[in-house]
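*Asks:*
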Amino acid sequence: MVAHEVYALISGRDVMNIVVGDYYNCNEAAKTEYGASSFAVEITQYPVQIGDEYLNGVFSRLVDGEYIRIDPYPTESEEIIRLSDALNDVELALVELYEGGL
Numbered sequence: 001m002v003a004h005e006v007y008a009l010i011s012g013r014d015v016m017n018i019v020v021g022d023y024y025n026c027n028e029a030a031k032t033e034y035g036a037s038s039f040a041v042e043i044t045q046y047p048v049q050i051g052d053e054y055l056n057g058v059f060s061r062l063v064d065g066e067y068i069r070i071d072p073y074p075t076e077s078e079e080i081i082r083l084s085d086a087l088n089d090v091e092l093a094l095v096e097l098y099e100g101g102l
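Heads up: the sequence shown is residues 1 to 102, going by the working numbering.
#1: Quick one: residues in its chain with C-beta nearer than 6 Å to the C-beta of Ser11, no 5 flanking neighbours on either side, listed in chain order?
#2: For Val6, which of Glu79, Arg69 and Val48 has the nearest alpha-carbon?
#3: Note the first and the last residue of the continuous beta strand (DSSP E) segment covering Val48.
#4: Exposed or buried, what is Ala86 when buried is set at 16 or more other beta-carbons lying within 10 Å of its beta-carbon?
Structure representation (structure tokens):
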């Protein structure tokens, strides 16, 4: 569950600011502050910072002269599935050890 939505204010390709709010107000703030072609993009699941770039729905960051894609954090449900799978792997390994006589 998300209590707040976080938005990146985009001008051109650049993340100009990061704000908390609703889409309408954040989008209007982007247009007011950075021009009519600016807009807001919801980034609650993305570790985005000012200075990153946004192009064709993908966030990227310049690192050592190379742009790297910024992937979102997993959602709670995705993380639960991942941890459940890891727990099942551990349980299977313990059963194999137990059955193997250790």
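From the three backbone atoms N, C-alpha and C, an ideal C-beta is built for every residue, glycine too.
*Replies:* Straight from the coordinates:
#1: As a first step, residue 11 must be located in the sequence shown, where it is residue number 11. Excluding positions up to five away in sequence, the list reads Tyr34 and Ser38.
#2: For the purposes of this step, residue 6 is identified with residue 6 of the sequence shown, where counting begins at 1. Measuring from the Cα of Val6, the nearest candidate turns out to be Val48.
#3: In the sequence shown, residue 48 corresponds to position 48, counting from 1. Taken as a continuous stretch (DSSP letters only), Val48 belongs to no beta strand (DSSP E), as it is neither H nor E.
#4: As a working mapping, residue 86 is identified with position 86 in the sequence shown. Result: exposed.
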